[in-house]
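Residue numbers for the sequence shown follow full-length UniProt numbering, so the first one is 1 and each next one is one higher.
I have placed the structure first, in the form of structure tokens, so that the comments after it can refer back to it.
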Amino acid sequence: MSAQVKYTLDETQIPKDWYNIVADLPSPPPTVLHPGTKQPVGPSDLEPLFPMELILQEVATERAIEIPEPVRDIFRLWRPSPLIRARRLEKLLDTPAKIYFKYEGVSPAGSHKPNSAVPQAWFNKQAGTKKLTTETGAGQWGSSLAFAGSLFDIDVTVYQVRCSYDQKPYRRALMETYGARCVSSPSTETESGRAALKENPDTPGSLGIAISEAVEVAAKNPDVKYALGSVLNHVMLHQTIIGQEAIKQFELAGDDPDVIIACAGGGSNFAGLAFPFLGLQLRGGRKRRVIAVEPAACPSLSRGKYAYDYGDTAHLTPLMKMHTLGSTFIPPGFHSGGLRYHGMGPLVSHVYELGLIEARACEQIACFEAGVQFARAEGIVPAPESTHAVRCAIDEALRCKAEGKAETICFNLSGHGHFDMGAYINYFAGKLVDVHYDAGELAMALSLLPAVAAE
Ligand SMILES: Cc1ncc(COP(=O)(O)O)c(C=O)c1O
């Protein structure tokens, strides 16, 4: 009999609860501070931006939080996502390692992002929200919120980081197909956008600036709320369905991963796969290696400082303790727009500080090489962000080969790259280069971190 490749679950096995790692951590993550008073924020401080249910999830300490039945019904459109054994890649690498990947590119938008966009839109709908604003780097989150908005009849405006807006016109077309409005950021529509343009009319934009624009519009208009595609605790929470499914799928496969890998921008697809496995460990289970892979041009975990910082460039968001390159840091315009963020989500930063996970930084050409190798073996073209996880998985499999070890590797293939073919065209034309951040600019951005007594 041929060997099994896909491990699939029935729709009834979509998780019923989200998993909250805070319940199992040896110490709670540091509190979030008000940007003005620098005192801990209360739920009411966040009410202009988010509906109360999402704020309560943000500060929740219970282990399991129920997924509303209507949200699970929508998840049936693409979940459970498959766990796939990359047998052809294993053969190509001639490695004794077993490589599995959890494939999140099967969602309507093509990545893990709808896992949070749908519940965020649903909780907003319950609270009576009619308009949402957001940012997008890769275009994946913007497309996902646009899709979720169309399900619940919510108007969505997306501020898309300029270099990504210019690189990927079809992402904008997708957002418009779902009925959203997509604006290149920085724009002239907001004070933060105009300030960024004044400072540098040729700026490639950044997630930090796009977040400022979206938050500003929500803060100034009582009928508009804001949605964030990563970083915050409730987004990490929503993504934990990935790892919960993977645990069941590994039981089906009769296997258990030794190494868990995911790329990390704000940290949500990483947390989504890793946190449920870390939960098993924290509750007495065995230890696994867990690796967050980030771009060498924007290495917030491996090079950033663990400090309180703003989530955006214009300093409109609360202060979060996270690994940060400084909120004024504008990463160079490389091709993984979803990883061009100055900070790492506070929960991912906290588990890194606790020594529960490792961080690795990769250059973009090496990532594209791995993405092409993977596509030719397994057929799926990874999103540029996801190629970081592919790179690391291949490197780990090659390490196993060198050491003669038959370890089991699992990585999160967070999205497909069908809207990113421009980047692949540049790669094949030899136009893609490894871009590097300016060390002086990074030092300057870090020197501008806000002073916070609680540190
Ligand atoms: C395909 C894909 N993977 C990963 C990411 C990184 O985001 P996060 O770290 O929140 O998962 C993005 C962000 O846009 C993305 O589009």
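Where is the CB? At the ideal position from N, CA and C, for every residue including glycine.
Sub-8 Å separation of H388 and S336 beta-carbons: Counting from one through the sequence shown, the residue named residue 388 turns up at place 388. Counting from one through the sequence shown, the residue named residue 336 turns up at place 336. Contact flag set, yes.
Would you be able to state if there are at least three C-beta pairs under 8 Å between the stretch 29-48 and the stretch 75-85? no
For F270, verify whether its CB is less than 7 Å away from any heavy atom of ligand 1. Locating residue 270 in the sequence shown gives position 270, where the first residue counts as 1. F270: yes, Cβ under 7 Å from ligand 1.
Relative to the C-alpha of E216, which candidate in A138, E294, S268, H315 has its C-alpha closest? The count along the sequence shown starts at 1 and reaches residue 216 at position 216. Answer by Cα proximity: H315.
Coil, strand or helix - N221 by DSSP: In the sequence shown, residue 221 corresponds to position 221, counting from 1. Here N221 sits in coil by DSSP.
At the level of alpha carbons, what is the spacing between E369 and T8? Residue 369 sits at position 369 when you count from the first residue of the sequence shown. Residue 8 sits at position 8 when you count from the first residue of the sequence shown. Answer to the nearest angstrom: the Cα atoms are 29 Å apart.
Counting beta carbon pairs with one atom in the stretch 437-446 and one in the stretch 406-416, are three or more of them shorter than 8 Å? no
T313 and Y226 - do their beta-carbons sit closer together than 8 Å? Position 226 of the sequence shown, counted from the start, is the residue given in the question as residue 226. Position 313 of the sequence shown, counted from the start, is the residue given in the question as residue 313. No, Cβ-Cβ distance for Y226 and T313 is not below 8 Å.
Would you list the one or two residues that DSSP bridges to C362? Against the sequence shown, residue 362 aligns to sequence position 362. The partner list for C362 (beta bridge, DSSP) reads P295.
Under 8 Å between C-beta atoms of I260 and V293: Walking along the sequence shown from the start, residue 260 turns up at place 260. Walking along the sequence shown from the start, residue 293 turns up at place 293. For I260 and V293, no; Cβs fall outside 8 Å.
Quick check: the Cα distance between I154 and K220, rounded to an integer number of angstroms? As a working mapping, residue 154 is identified with position 154 in the sequence shown. As a working mapping, residue 220 is identified with position 220 in the sequence shown. Using only the alpha carbons, I get a separation of about 18 Å.
R286, buried or exposed, once every other Cβ within 10 Å from all chains shown has been counted against 16: What you label residue 286 is simply residue 286 of the sequence shown in a count that begins at 1. Result: exposed.
Determine the extent of the alpha helix (DSSP H) in which F250 is found, giving its start and end residues. Along the sequence shown, read from residue 1 onward, the residue named residue 250 stands at position 250. Run containing F250: 241-253, per the alpha helix (DSSP H) assignment.
From H323 to G343, what does the alpha carbon distance come to, in whole angstroms? If you number the sequence shown from 1, residue 323 lands on position 323. If you number the sequence shown from 1, residue 343 lands on position 343. Rounded to the nearest angstrom, the two C-alpha atoms are 6 Å apart.
Q140: CB within 7 Å of a non-hydrogen atom of ligand 1: Here residue 140 refers to the residue found at position 140 when the sequence shown is read from its first residue. The answer is yes for Q140.
Pair within 8 Å by beta-carbon distance, G110 and C163: Residue mapping note: residue 110 aligns to position 110 of the sequence shown, counting from 1. Residue mapping note: residue 163 aligns to position 163 of the sequence shown, counting from 1. Cβ distance not < 8 Å, so G110 and C163 don't count as in contact.
Indicate, with yes or no, if ligand 1 has a heavy atom lying under 7 Å from the CB of A264. Position 264 of the sequence shown holds residue 264. Indeed, a heavy atom of ligand 1 lies less than 7 Å from the Cβ.
Proximity test, P128 beta-carbon vs ligand 1 heavy atom, cut-off 7 Å: Reading the sequence shown from its first residue, position 128 is the one you call residue 128. According to the sequence provided, residue 128 is Gly. The question's Pro does not apply to it. Not so, every heavy atom of ligand 1 lies at least 7 Å from the Cβ.
Taking DSSP as the reference, what is the three-state secondary structure of L197? Locating residue 197 in the sequence shown gives position 197, counting from the first residue. Helix.
Would the beta-carbon of S111 be found less than 7 Å away from any heavy atom of ligand 1? Within the sequence shown, residue 111 is the residue found at index 111, counting from 1. Flag set: Cβ of S111 near ligand 1.
With distances taken Cα to Cα, identify the nearest neighbour of Q248 among I357, V5, P15, I330. On the sequence shown, residue 248 is found 248 positions in, with the first residue counted as 1. Note that residue 248 corresponds to Lys in the displayed sequence, not to Gln. For K248, the nearest C-alpha among the options comes from P15.
Neighbourhood of R391 by C-beta, 6 Å cutoff - its chain only, sequence neighbours within 5 removed: Reading the sequence shown from its first residue, position 391 is the one you call residue 391. Taken in chain order, the residues that qualify are C362, A366, C367, A370.
Start and end of the beta strand (DSSP E) containing T185? In the sequence shown, residue 185 corresponds to position 185, counting from 1. Looking at the sequence shown, residue 185 is not Thr but Ser. From DSSP, the beta strand (DSSP E) with S185 extends over 181-185.
The alpha helix (DSSP H) spanning Q140 covers which residue range? Residue 140 sits at position 140 when you count from the first residue of the sequence shown. It spans 140-152 - the alpha helix (DSSP H) in which Q140 sits, taken as one unbroken run.
Does the stretch 165-175 touch the stretch 188-196, meaning 3 or more C-beta pairs lie closer than 8 Å? no
heavy atom of ligand 1 below 7 Å from G430 C-beta: On the sequence shown, residue 430 is found 430 positions in, with the first residue counted as 1. Checking the Cβ of G430 against ligand 1 gives no.
Across the stretch 296-305 and the stretch 271-287, are there enough close Cβ pairs to call them in contact, namely three or more that are closer than 8 Å? no
At least three beta-carbon pairs within less than 8 Å, the stretch 238-254 to the stretch 91-108: yes
Give the list of continuous alpha helix (DSSP H) stretches no shorter than 4 residues that lie fully inside the stretch 346-392. 346-353, 364-378
Kindly examine ligand 1 and report whether one of its heavy atoms sits closer than 7 Å to the Cβ of A423. Position 423 of the sequence shown, counting from 1, holds the residue named residue 423. Incorrect: A423 has no Cβ contact closer than 7 Å to ligand 1.
Using a 10 Å radius around the Cβ and a threshold of 16 neighbouring Cβ atoms, would you call Q120 buried or exposed? Taking the first residue of the sequence shown as 1, we reach residue 120 at position 120. Its Cβ being crowded by 16 or more others within 10 Å, Q120 is buried.
Shorter than 7 Å, the distance from the beta carbon of L339 to the closest heavy atom of ligand 1, or not? Stepping through the sequence shown from its first residue, residue 339 is reached at position 339. Yes, ligand 1 has a heavy atom inside 7 Å of this Cβ.
Could you round the C-beta distance between residue 497 and S349 to whole angstroms and report it? I think they count as a contact, below 8 Å. Only positions 1 to 455 of the chain appear in the structure, and residue 497 is not among them; the question remains open.
Grouping DSSP H, G and I as helix and E and B as strand, with all else coil, what is I14? Reading the sequence shown from its first residue, position 14 is the one you call residue 14. Here I14 sits in coil by DSSP.
For D309, count neighbouring C-beta atoms within 10 Å of its own C-beta (all shown protein chains included) and say buried if the count is 16 or more, exposed if not. Within the sequence shown, the letter at position 309 stands for residue 309. So D309 ends up on the buried side.
What do you reckon, is the C-beta of G371 under 7 Å from a heavy atom of ligand 1? Counted from its first residue, the sequence shown places residue 371 at position 371. No, ligand 1 has no heavy atom inside 7 Å of this Cβ.
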